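Undergrad: Dropping the structure in here first, questions after.
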Amino acid sequence: MTPIDRIIIEFDTALRSVVGGANAQRPTPGSEAATYSTLDAAERKHAAGLMRVNHVGEVCAQALYQSQKLVARNPQIQEMLDHSGQEEMDHLAWCETRLKELGSHTSYLNPIWYAGSFAIGLVAGLAGDKWSLGFVAETEKQVENHLESHLKKLPAEDHRSRAIVDQMRIDEIEHGQAALQAGGIDLPEPIQKMMQAISKVMTSTAYKI
84 MTPIDRIIIE
94 FDTALRSVVG
104 GANAQRPTPG
114 SEAATYSTLD
124 AAERKHAAGL
134 MRVNHVGEVC
144 AQALYQSQKL
154 VARNPQIQEM
164 LDHSGQEEMD
174 HLAWCETRLK
184 ELGSHTSYLN
194 PIWYAGSFAI
204 GLVAGLAGDK
214 WSLGFVAETE
224 KQVENHLESH
234 LKKLPAEDHR
244 SRAIVDQMRI
254 DEIEHGQAAL
264 QAGGIDLPEP
274 IQKMMQAISK
284 VMTSTAYKI
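Under our numbering, the first residue of the sequence shown is numbered 84, with each subsequent residue one higher.
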């Protein structure tokens, strides 16, 4: 592809991440489960809040992977980031679909989440590939823990949302391991704590807005 082609593709990815319309390459997990016939109104609202948080996480993931891929020094690392980013796009589409099924919406603050994450990813990428990959690994580790907590919080009868979250969790583990195997380093504890604090603000806000 020409540089112009790549710019158009990346812009399309950014646009779909922020305003919606992401396309998944894989079928949505849990498609055979009931949409929400066994959930009452309170359970649907709670499930939607959790899935909106997950959707915001995927918006941030797209921004991070796009920015880090942009400044990666090694073509193999660029390819790895691109592959992970494509699977994260599946997650984005799955969460968006589930939110529509639950009669809810994506976060109104998606442009802010995307812009902030893009800036953070750019800084991590400019620090060097080993730091960039370490940031990916730590991010995926925290996302894995976050998804595990959602599997405990989602309504027991919401098999559809639970199937989506569980497959996302499996993919995130693989993305984190791939980043470490590619040369990622363990981030200093203060950076890990800062990432956790930012994540807490994001999740508490996205649940409602």
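Glycine residues also receive a C-beta, built at the ideal position from the N, C-alpha and C atoms. All of these numbers come straight from a predicted model, not from anything done at the bench.
What is the residue span of the alpha helix (DSSP H) that SER200 lies within?
TA: From DSSP, the alpha helix (DSSP H) with SER200 extends over 193 to 209.
Undergrad: Could you tell me whether the segment 256 to 265 touches the segment 173 to 184, where touching means 3 or more Cβ pairs closer than 8 angstroms?
TA: At 8 angstroms Cβ cutoff, the stretches do not touch.
Undergrad: Which of helix, strand or coil does DSSP assign to ASN137?
TA: Helix.
Undergrad: Can you list, in chain order, the residues of its chain whose CB lies under 7 angstroms from that of PHE218, leaving out five sequence neighbours each side?
TA: Result list for PHE218: ALA207 and LEU270, in chain order.
Undergrad: Considering just the uninterrupted stretch of the alpha helix (DSSP H) at ASN228, what are its terminal residues?
TA: Residues 212 to 236.
Undergrad: Between GLU141 and ALA198, what straight-line distance do the alpha-carbon atoms span, to the nearest angstrom?
TA: Taking the straight line joining both Cα atoms gives about 13 angstroms.
Undergrad: Have a look at ASP293 and MET134 and give me their C-alpha separation to the nearest angstrom.
TA: Since the first residue of the chain shown is 84 and the last is 292, residue 293 is not available in this structure.
Undergrad: Alpha carbon to alpha carbon, how far is ILE256 from GLN145?
TA: Distance between the alpha carbons of ILE256 and GLN145 is about 16 angstroms.
Undergrad: Thinking C-alpha only, which one of SER114, GLU223 and LEU153 is nearest ASP212?
TA: Nearest C-alpha to ASP212: LEU153.
Undergrad: Would you call the segment 95 to 109 and the segment 161 to 174 touching, i.e. three or more CB-CB distances under 8 angstroms?
TA: Result yes; three or more Cβ-Cβ pairs closer than 8 angstroms.
Undergrad: Tell me whether the beta-carbon of THR96 lies closer than 9 angstroms to the beta-carbon of GLN149.
TA: For THR96 and GLN149, yes; Cβs fall inside 9 angstroms.
Undergrad: Please classify GLN151 as buried or exposed, where buried requires at least 16 neighbouring CB atoms within 10 angstroms.
TA: Its Cβ being crowded by 16 or more others within 10 Å, GLN151 is buried.
Undergrad: Is it the case that the Cβ atoms of LEU192 and VAL139 are separated by a distance below 9 angstroms?
TA: It is a contact, given that the beta carbons lie within the stated cut-off.
Undergrad: With distance defined between alpha-carbon atoms, name the residue in SER190, SER167 and ALA210 nearest to ILE268.
TA: Cα-wise, what sits closest to ILE268 is ALA210.
Undergrad: In the segment 106 to 186, which residue ranges form an unbroken alpha helix (DSSP H) of at least 4 residues, counting only runs that do not cross its ends?
TA: Entirely contained in the segment 106 to 186, the alpha helix (DSSP H) runs reaching 4 residues are, in chain order, 124 to 154 and 158 to 184.
Undergrad: Looking at ARG99: is its Cβ nearer than 9 angstroms to the Cβ of GLU184?
TA: No.
Undergrad: Express the C-alpha separation of MET278 and GLU272 in angstroms, rounding to a whole number.
TA: Approximately 10 angstroms between the Cα atoms of the pair.
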